[in-house]
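Visitor: Residue numbers (the numbering used here): 34 to 240.
All C-beta atoms in this analysis are idealised placements derived from N, C-alpha and C, irrespective of residue type, glycine included.
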Amino acid sequence: MLISNELRWFYPGTIPEDIKVWFQRCCLIDQEQLPEKREDIYLYVPESNFLGIKLRHGSLEVKWRTAELGVVGFGELIAGKAEKWSKWSCDDPTGESFYPATVLSKSSWVSVQKIRYLQSYQVLSDFSVESVTNDEYIDNACSLEITQLLIQNNTWWSLALEANAEDQRLMANLQATAKAVFRTYRGVKLLATNSYAYPHWLGLVCG
Numbered sequence: 034m035l036i037s038n039e040l041r042w043f044y045p046g047t048i049p050e051d052i053k054v055w056f057q058r059c060c061l062i063d064q065e066q067l068p069e070k071r072e073d074i075y076l077y078v079p080e081s082n083f084l085g086i087k088l089r090h091g092s093l094e095v096k097w098r099t100a101e102l103g104v105v106g107f108g109e110l111i112a113g114k115a116e117k118w119s120k121w122s123c124d125d126p127t128g129e130s131f132y133p134a135t136v137l138s139k140s141s142w143v144s145v146q147k148i149r150y151l152q153s154y155q156v157l158s159d160f161s162v163e164s165v166t167n168d169e170y171i172d173n174a175c176s177l178e179i180t181q182l183l184i185q186n187n188t189w190w191s192l193a194l195e196a197n198a199e200d201q202r203l204m205a206n207l208q209a210t211a212k213a214v215f216r217t218y219r220g221v222k223l224l225a226t227n228s229y230a231y232p233h234w235l236g237l238v239c240g
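1. Please check the pair Val95 and Trp55, which I expect to be a contact at CB under 8 Å, by giving their CB distance rounded to whole angstroms.
2. Starting from Ser161, follow its DSSP beta bridges and name the residues at the other end.
3. Could you check the C-alpha separation between Lys147 and Leu177 for me, to the nearest Å?
4. Based on the DSSP secondary-structure assignment, which residues constitute the bridge partners of Asn38?
5. Classify Arg216 as helix, strand or coil using the three-state DSSP reduction.
6. Would you tell me roughly how many angstroms separate the C-alpha atoms of Gln201 and Ala211, rounded to the nearest one?
7. Taking the Cβ atom as the reference point for each residue, do Tyr44 and Tyr231 lie within a distance shorter than 8 Å?
8. Please say whether Thr217 and Cys59 have beta carbons closer to each other than 8 Å?
9. Taking the alpha carbon of Ala225 as the reference point, which residue from Ser161, Asn186, Glu116, Ala174 has its own alpha carbon closest?
10. Which class does Gln185 belong to by DSSP, given the choice of helix, strand or coil?
11. Have a look at Ala100 and Lys114 and give me their C-alpha separation to the nearest angstrom.
12. Out of Ser37, Met34, Ser153, Val214, which one is the CA nearest neighbour of Asn167?
13. Quick check: Ser164 and Tyr77, are their CB atoms within less than 8 Å of each other?
14. With distances taken from CA atoms, which of Gln57, Ala209, Gly103 is nearest Phe160?
15. Could you have a look at Gly236 and say whether DSSP puts it in helix, strand or coil?
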């Protein structure tokens, strides 16, 4: 089981060019990094913004929101709702059980195409933040991602931070990383009203 503290925002349309440039120039340690392209298959559960179930790369992932941590702000442009989540993953080595074609014929399962840039950070003991490669394993980690989404022929984009650590460090790691990365942010305001996780977003799009 993986425990995380998260901040996430969703907006309709394509990623604004100034935000894309900011992410590539100010956040990525490898500005030539290619985005990850993938399809995630979500189970749409009406009126449930605390439970996320999806198929991804031949595995079944279940996320459960264990706490709402309130609104946090970073400067004049950033305000979001922090949440604590628990995640379980189950792999299928046979490649037969978690195959998208077996569920996409059902109206309750929804395909989400993603093009995602990701940058990982290490939070040091003094809560300073260092960029690290995305495949490097660290104990006190936080990632920043920006993702273009396509769902039911509608385009959206999302920006998110996800901190992983021992429980007592989670919120501090999230806040330290957010303060560090948003210091150079000059894009559109990220508002608390647009801050929520994937289950809530699915309710807006599919409900």
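Guide: Once the coordinates are examined:
1. The residue you call residue 95 lines up with position 62 of the sequence shown. The residue you call residue 55 lines up with position 22 of the sequence shown. Not quite, the Cβ-Cβ distance comes to about 33 Å (not below 8 Å), so this is no contact.
2. The residue labelled residue 161 in the question sits at position 128 within the sequence shown. Answer is none; Ser161 lacks a bridge partner.
3. Taking the first residue of the sequence shown as position 1, residue 147 is located at position 114. Taking the first residue of the sequence shown as position 1, residue 177 is located at position 144. Going from the Cα of Lys147 to the Cα of Leu177 covers about 15 Å.
4. In the sequence shown, counting from the first residue as 1, residue 38 sits at position 5. Paired residue(s): Lys117, Ala196.
5. Within the sequence shown, numbered from 1, the residue matching residue 216 stands at position 183. Three-state DSSP puts Arg216 in a helix.
6. The count along the sequence shown starts at 1 and reaches residue 201 at position 168. The count along the sequence shown starts at 1 and reaches residue 211 at position 178. Roughly 17 Å separates the two Cα atoms.
7. Counted from its first residue, the sequence shown places residue 44 at position 11. Counted from its first residue, the sequence shown places residue 231 at position 198. Result no, Cβ atoms of Tyr44 and Tyr231 do not sit closer than 8 Å.
8. Sequence index remark: in the sequence shown, residue 59 carries index 26 (1-based). Sequence index remark: in the sequence shown, residue 217 carries index 184 (1-based). A contact, by the Cβ cut-off of 8 Å.
9. Sequence index remark: in the sequence shown, residue 225 carries index 192 (1-based). Checking every option, the nearest Cα to that of Ala225 belongs to Glu116.
10. Reading the sequence shown from its first residue, position 152 is the one you call residue 185. The answer is coil: DSSP assigns Gln185 none of H, G, I, E or B.
11. On the sequence shown, residue 100 is found 67 positions in, with the first residue counted as 1. On the sequence shown, residue 114 is found 81 positions in, with the first residue counted as 1. So the alpha carbons of these two residues sit roughly 11 Å apart.
12. On the sequence shown, residue 167 is found 134 positions in, with the first residue counted as 1. Measuring from the Cα of Asn167, the nearest candidate turns out to be Ser153.
13. Residue mapping note: residue 164 aligns to position 131 of the sequence shown, counting from 1. Residue mapping note: residue 77 aligns to position 44 of the sequence shown, counting from 1. Not in contact: Ser164 and Tyr77 (Cβ atoms no closer than 8 Å).
14. Reading the sequence shown from its first residue, position 127 is the one you call residue 160. Of the listed residues, the one whose Cα sits closest to Phe160 is Ala209.
15. Numbered from its first residue, the sequence shown carries residue 236 at position 203. Looking at Gly236 - three-state DSSP - the assignment turns out to be helix.
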